[in-house]
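In the working numbering, the protein residues as written are 782 to 960.
C-beta: ideal position from N, C-alpha, C; glycine also.
Small disclaimer: the values here were computed from a predicted structure and weren't measured.
Here the structure is laid out as structure tokens; the discussion comes afterwards.
Now the structure itself:
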């Protein structure tokens, strides 16, 4: 069996340490905030090849992560809030989830859309709950910015890394755009 390797490390940001699992050529497979082991565990649950040992994560220093990804995260953290939009991502999920994740990447920084609007943007206006499930299963936040999705009444709703992190991300983007 051929084994591929993901590089796993962290980059400091205003929302805390951003944990990353990245291919050597710079495709983000998992990202988020908090504990790197938890992030890798989420990826392993969603990625059968990782669970089977065909994909392994190797912890590396920030200097060993792909420079283009680290540079994009640093620019984003410094206020260039669109810097993550062009970083390639790849996460396991069926066609519907892929459509929803692509739609999320079209939501401009500093703005929010509701789950209903997200379902409409993905081409399935009746699939509001399923759009919410795609947010919950998103493994590459904030590259796929599920923090920009809110309830129909405008309140924040859930976020895997906590509502304080979701609020901080939105405040960071809005502040950078206003500044």
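- Straight across, the Cα-Cα distance linking residue 891 with residue 951 is about 6 Å.
- DSSP places residue 809 within a strand segment (E or B) once states are collapsed to three.
- According to the DSSP assignment, residue 788 belongs to the beta strand (DSSP E) that extends over 785 to 794.
- Comparing alpha carbon positions, the residue from 945, 790 and 875 closest to residue 828 is 875.
- Excluding its 5 nearest sequence neighbours in each direction, residue 903 has C-beta neighbours in its own chain below 7 Å: 880, 881, 884 and 912, listed in chain order.
- Nearest to residue 797 by C-alpha distance, out of 817, 788, 809 and 806, is 817.
- By the CB criterion at 9 Å, residue 941 and residue 917 fall inside the cutoff.
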